[in-house]
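Each step along the sequence shown adds one to the number in the UniProt record's numbering, with nothing skipped, and position 92 is 92.
Everything below concerns the one structure shown next.
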Amino acid sequence: MSPRLGAALKQSSSLLLRGWAPYTPEACADSPALLQQQQQQQRQHKQQQHKQQQQQQHKQQQHKQQQQHKQQQHKQQQQRHNQQQQQQQQQQQQQTPQALLQKHSNDSSSRG
Numbered sequence: 001m002s003p004r005l006g007a008a009l010k011q012s013s014s015l016l017l018r019g020w021a022p023y024t025p026e027a028c029a030d031s032p033a034l035l036q037q038q039q040q041q042q043r044q045h046k047q048q049q050h051k052q053q054q055q056q057q058h059k060q061q062q063h064k065q066q067q068q069h070k071q072q073q074h075k076q077q078q079q080r081h082n083q084q085q086q087q088q089q090q091q092q093q094q095q096t097p098q099a100l101l102q103k104h105s106n107d108s109s110s111r112g
C-alpha cells in the first residue's frame, strides 16, 4: 500500500471515530452534517483510489509495451541474422555449379 493511501485511510478512519464517538445531543443534532462530510470524504477517497489504480495500470501497460518492443527488436535481429545466413548459403550454392562448369570448360579446353 502506498504511503499516500495509508495516510488517507488513517485520516478518514480518525474522522469517522471523531464523528461517531461523542453521543451527546449536540453531536446528534450535528450528525447529518457530519454524515454528509464523511460520505463526501469517502467518495473522494474512492476516486483517489481509482485514479491510483488507473495510474498503476497505465504504468504496467507502458512496461508491457516496452518489453514487447524489446522482444520484437530481438526477433527482428534474429530474423536479420537468419536472412544473412540464408543469403550466404544461397551464394555458396550459386557459386558451386558455376565453379564446376568453369572447371569443366577449363578441363575440356586444356584437353583440346
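All C-beta atoms, glycine included, are put in the ideal place defined by N, C-alpha and C.
For clarity, every value in this text was computed on a predicted model and none was experimentally measured.
If I measure Cβ to Cβ from H81 and keep anything under 8 angstroms in the same chain, skipping five residues before and after, which residues do I get? Cβ neighbours of H81 beyond the five flanking positions: none.
May I ask you to check if the CB of K59 is nearer than 7 angstroms to at least one heavy atom of the ligand NAD? As far as ligands go, the structure on display features none, and thus does not contain the ligand NAD.
Hey, A8 and Q48 are a contact pair by Cβ (cut 8 angstroms); roughly how many whole angstroms apart? Their Cβ separation, rounded to whole angstroms, is 6 angstroms, which keeps A8 and Q48 in contact under 8 angstroms.
Cα separation between Q79 and Q87? In a straight line, the C-alpha of Q79 is about 12 angstroms away from that of Q87.
Examine chain B for any beta-carbon lying closer than 8 angstroms to the beta-carbon of Q52, and answer yes or no. Annotation note: the requested chain B is absent from the structure, which comprises a single protein chain.
How many whole angstroms separate the CB atoms of S57 and S2, which I take to be in contact at a CB cut-off of 8 angstroms? The question names Ser, yet the displayed sequence has Gln at residue 57. The C-beta distance from Q57 to S2 rounds to 14 angstroms, too long to fall under 8 angstroms, and the pair is not in contact.
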